[in-house]
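Structure first, commentary second.
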Amino acid sequence: MQRVRLNYEEDEIHIEAVQAWQLMLTRPSARIDSNILHSGVPKSLRGDVWQLLMYQYLSRNAKKEPEFPGYNTPYENMIKELTSQHHAILIDLGK
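Each residue of the sequence shown is one higher than the one before, starting from 88 at the first, in this note's numbering.
So this is what it looks like as C-alpha coordinates:
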(Lines of atoms letter the chains of each structure in order from A; the text may use other names.)
(Lines give C-alpha, C1' and ligand atoms only; values in the text may rest on other atoms or scores of the structure.)
Protein backbone atom coordinates (compact mmCIF):
# COMPACT_ATOMS: atom_id res chain seq x y z
CA MET A 88 0.00 0.00 0.00
CA GLN A 89 1.35 3.39 -0.94
CA ARG A 90 1.07 6.38 1.34
CA VAL A 91 -0.77 9.33 -0.14
CA ARG A 92 0.46 12.75 0.77
CA LEU A 93 -2.29 15.16 1.70
CA ASN A 94 -1.56 18.48 0.04
CA TYR A 95 -4.14 20.88 1.35
CA GLU A 96 -4.22 23.86 3.61
CA GLU A 97 -5.30 23.06 7.12
CA ASP A 98 -7.13 25.41 9.43
CA GLU A 99 -5.04 26.23 12.43
CA ILE A 100 -5.92 24.11 15.44
CA HIS A 101 -5.75 25.75 18.84
CA ILE A 102 -2.91 24.71 21.10
CA GLU A 103 -5.46 23.55 23.71
CA ALA A 104 -6.86 21.03 21.21
CA VAL A 105 -3.37 19.75 20.40
CA GLN A 106 -2.64 19.33 24.10
CA ALA A 107 -5.98 17.58 24.63
CA TRP A 108 -5.20 15.09 21.84
CA GLN A 109 -1.73 14.47 23.22
CA LEU A 110 -3.29 13.75 26.61
CA MET A 111 -5.87 11.41 25.03
CA LEU A 112 -3.09 9.49 23.28
CA THR A 113 -1.50 8.74 26.67
CA ARG A 114 -4.80 7.32 27.99
CA PRO A 115 -6.14 5.02 25.24
CA SER A 116 -8.99 3.57 27.31
CA ALA A 117 -10.39 6.98 28.33
CA ARG A 118 -13.57 8.14 26.63
CA ILE A 119 -12.99 10.81 23.96
CA ASP A 120 -14.81 14.06 24.56
CA SER A 121 -16.90 15.13 21.56
CA ASN A 122 -15.62 18.70 21.98
CA ILE A 123 -12.11 17.46 21.23
CA LEU A 124 -13.37 15.79 18.06
CA HIS A 125 -15.15 18.96 16.95
CA SER A 126 -12.00 21.00 17.46
CA GLY A 127 -10.23 18.87 14.84
CA VAL A 128 -7.26 16.55 14.76
CA PRO A 129 -3.83 18.05 14.14
CA LYS A 130 -2.23 16.76 10.96
CA SER A 131 0.86 15.66 12.89
CA LEU A 132 -1.22 13.41 15.19
CA ARG A 133 -3.72 11.92 12.71
CA GLY A 134 -2.00 8.55 12.37
CA ASP A 135 -1.84 8.12 16.13
CA VAL A 136 -5.44 9.29 16.56
CA TRP A 137 -6.66 6.80 13.93
CA GLN A 138 -4.92 4.02 15.85
CA LEU A 139 -6.48 5.27 19.10
CA LEU A 140 -9.97 5.32 17.57
CA MET A 141 -9.47 1.85 16.12
CA TYR A 142 -8.24 0.51 19.48
CA GLN A 143 -11.26 1.98 21.25
CA TYR A 144 -13.69 0.61 18.67
CA LEU A 145 -12.23 -2.89 18.88
CA SER A 146 -12.14 -2.88 22.68
CA ARG A 147 -15.78 -1.75 22.90
CA ASN A 148 -17.02 -4.07 20.15
CA ALA A 149 -15.22 -7.26 21.02
CA LYS A 150 -16.46 -10.23 19.05
CA LYS A 151 -19.37 -11.77 20.83
CA GLU A 152 -19.67 -15.50 20.72
CA PRO A 153 -22.56 -16.68 18.55
CA GLU A 154 -25.49 -18.16 20.41
CA PHE A 155 -25.37 -21.56 18.70
CA PRO A 156 -25.11 -24.66 20.87
CA GLY A 157 -21.78 -26.37 20.34
CA TYR A 158 -20.37 -23.49 18.28
CA ASN A 159 -16.87 -23.94 19.70
CA THR A 160 -17.01 -27.74 19.85
CA PRO A 161 -14.50 -29.32 17.47
CA TYR A 162 -16.02 -31.33 14.62
CA GLU A 163 -14.18 -34.48 15.70
CA ASN A 164 -15.93 -34.34 19.09
CA MET A 165 -19.31 -33.65 17.53
CA ILE A 166 -19.29 -36.70 15.28
CA LYS A 167 -18.46 -38.94 18.24
CA GLU A 168 -21.67 -37.92 20.02
CA LEU A 169 -24.95 -39.68 19.34
CA THR A 170 -27.79 -37.53 18.09
CA SER A 171 -31.52 -38.04 18.40
CA GLN A 172 -31.56 -38.97 14.70
CA HIS A 173 -28.65 -41.41 14.93
CA HIS A 174 -30.85 -44.51 15.22
CA ALA A 175 -32.99 -43.51 12.21
CA ILE A 176 -29.89 -42.79 10.12
CA LEU A 177 -28.40 -46.21 10.87
CA ILE A 178 -31.68 -47.90 9.89
CA ASP A 179 -31.80 -45.92 6.62
CA LEU A 180 -28.18 -46.80 5.82
CA GLY A 181 -29.00 -50.48 6.19
CA LYS A 182 -31.78 -50.36 3.59
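Ideal placement from N, C-alpha and C gives every residue a C-beta, glycine not left out. As the structure is a prediction and not an experimental result, all values here were calculated from the model.
Cutoff 8 Å: residue i Cβ touching any chain C Cβ
i: GLN143; result: Although the question refers to chain C, the structure presented lacks it and comprises just one protein chain.
Helix, strand or coil at residue i [DSSP, three-state]
i: THR113; result: helix
i: VAL136; result: helix
i: LYS184; result: Since the first and last residues shown for the chain are 88 and 182, residue 184 lies out of range.
i: SER146; result: helix
Under 8 Å between C-beta atoms of residue i and residue j
i: ASP135; j: LEU112; result: yes
Candidates the options: closest to residue i by CA position
i: ILE100; options: PHE155, LEU132, ASN148; result: LEU132
N- and C-terminal bounds of the alpha helix (DSSP H) containing residue i
i: HIS101; result: Element bounds for HIS101: n/a, residue is neither H nor E.
i: LYS167; result: 162-167
i: ASN122; result: 121-126
Is the stretch 133-143 touching the stretch 161-174, taking contact as three or more C-beta pairs under 8 Å?
no
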